[in-house]
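Q: Under my numbering, the first residue of the first sequence is numbered 1, with each subsequent residue one higher.
All C-beta atoms in this analysis are idealised placements derived from N, C-alpha and C, irrespective of residue type, glycine included.
These numbers were taken from a predicted model, which means no experiment stands behind them.
The structure is given below, and queries will be raised subsequently.
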Amino acid sequence: MQTLPPDFYARPVLEVARELIGCVVEYVPGDGSPTSGVIVETEAYHECEPACHAFAGLTPRTRTLFGPPGRAYVYRSYGIHALFNAVCEPEGVGAAVLIRALEPLDGIEQMYARRGMSGNGAVREQDLCSGPGKLTQALGIELSDNGGDLHEGPVRIRPRAPTWCEPNVVGGTRIGITKAVELRWRFCVAGNRHVSRPRPLAMASPPD
DNA sequence: CATGGGATTGACT
DNA sequence: GTCAATCCCATGC
1 MQTLPPDFYA RPVLEVAREL IGCVVEYVPG DGSPTSGVIV ETEAYHECEP ACHAFAGLTP
61 RTRTLFGPPG RAYVYRSYGI HALFNAVCEP EGVGAAVLIR ALEPLDGIEQ MYARRGMSGN
121 GAVREQDLCS GPGKLTQALG IELSDNGGDL HEGPVRIRPR APTWCEPNVV GGTRIGITKA
181 VELRWRFCVA GNRHVSRPRP LAMASPPD
């Protein structure tokens with residue numbers, strides 16, 4: 001099965017963010033079962049705007065962002081979560097697509113095992129990967145995956161499945177940021193139950 | 001070297 | 001609706 005080549009990512013980050021919708025993230029950890037899911041939500045980040053880590057320039061933290069396209073940029077958020085991005089644009093330009101939600105495909109039982117229980121109630125399937133911190137936990141992606149080649153793995157991204165050739169994509173503003181909040185650089189599959197909250201205004205909220 | 005701030009989540013009022 | 005958990009790293013002295 002093929003994976004997306006580096007050339008796919010060496011383009012304007014907004015294009016890549018739209019076209020990654022419907023593609024498949026697959027992760028085979030060294031000691032665990034493979035898991036995968038269809039990308040249903042992304043956000044674009046680019047060095048030209050202050051919400052992007054690369055806005056601060058080349059530092060140890062942003063080294064991966066300025067490196068070759070088609071690599072994984074994984075960083076720790078709020079001291080707790082690992083967030084997974086695909087590095088885009090030509091080498092030397094700091095830009096990436098944040099993968100915000102997946103529709104689980106393979107290894108769903110493994111995802112339940114990694115996500116465990118939330119308080120008193122069991123996690124629902126549409127909540128397994130409905131957020132950038134949730135999906136890395138469900139797949140087992142860790143900080144050590146930062147800089148990994150998305151073409152070679154262990155984190156891989158595969159082209160759109162036939163049933164996802166023309167996903168209906170809606171845009172909105174990005175989530176959880178305090179700078180450049182007006183940019184509508186978030187992309188979601190319209191009506192998909194696995195998209196994270198809050199849903200874009202343009203998106204009719206599917207039932208729980 | 002000390003400090004402060006998150007591209008979040010889950011629990012709780 | 002509010003809030004704490006928790007750690008990497010950027011910044012400033």
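(1) Identify the residues that DSSP records as bridge partners of P167: which are they?
(2) Specify, as a first and last residue, the run of the beta strand (DSSP E) that V38 falls within.
(3) Output the distance between the C-alpha atoms of G211 and P5, rounded to the nearest integer angstrom.
(4) For P132, which three-state DSSP category applies?
(5) Could you check if I80 is buried or exposed, using at least 16 other CB atoms within 10 Å of its CB as the buried criterion?
(6) Please work out which residues of its chain come closer than 7 Å, Cβ to Cβ, to D7, disregarding the five sequence neighbours upstream and downstream, and give them in chain order.
(7) Relative to the alpha-carbon of H194, which residue among R100, T35, D106 has its alpha-carbon at the smallest distance?
(8) What span of residues does the beta strand (DSSP E) with L83 cover, start to end?
(9) First and last residue of the alpha helix (DSSP H) that includes F8?
(10) Can you tell me where the alpha helix (DSSP H) with E109 in it begins and where it stops?
(11) For L143 and L20, I'd like the C-alpha separation in whole angstroms.
(12) Between the alpha carbons of A180 and Y45, how many angstroms are there, rounded?
(13) Mapping the DSSP letters down to three states, classify F55 as helix, strand or coil.
(14) Output needed for G202: all residues of its chain with C-beta closer than 6 Å, excluding positions within five of it in sequence on either side, in chain order.
(15) In whole angstroms, what separates the C-alpha of R114 from that of A51?
(16) Would the region 56-67 count as touching the region 127-136 if we require 3 or more Cβ pairs under 8 Å?
(17) According to DSSP, simplified to helix, strand and coil, what is D31?
(18) According to DSSP, is E142 helix, strand or coil?
(19) State the Cα-Cα distance for the pair R199 and E103, rounded to the nearest angstrom.
(20) Going along the chain, which residues of its own chain have a beta-carbon closer than 6 Å to the beta-carbon of A17, five neighbours each way excluded?
(21) In the DSSP assignment, what are the bridge partners of R199?
A: Looking at the atomic coordinates:
(1) P167 is not bridged by DSSP to any residue.
(2) 35-46
(3) What is shown of the chain runs 1 to 208, which leaves residue 211 out entirely.
(4) helix
(5) exposed
(6) none
(7) R100
(8) 81-87
(9) 6-9
(10) 108-115 is the span of the alpha helix (DSSP H), which, as asked, contains E109.
(11) 22 Å
(12) Cα-Cα distance, rounded: 10 Å.
(13) Helix at F55.
(14) Per the sequence presented here, residue 202 reads as Ala, with Gly not at that position. Same-chain partners within the cutoff: V170.
(15) Using only the alpha carbons, I get a separation of about 30 Å.
(16) no
(17) coil
(18) In the structure shown, the three-state DSSP call for E142 is coil.
(19) 15 Å
(20) For A17, where only same-chain residues beyond five positions count, the Cβ hits under 6 Å are T42, A44, V97, F187.
(21) Bridge pairing for R199: absent [DSSP].
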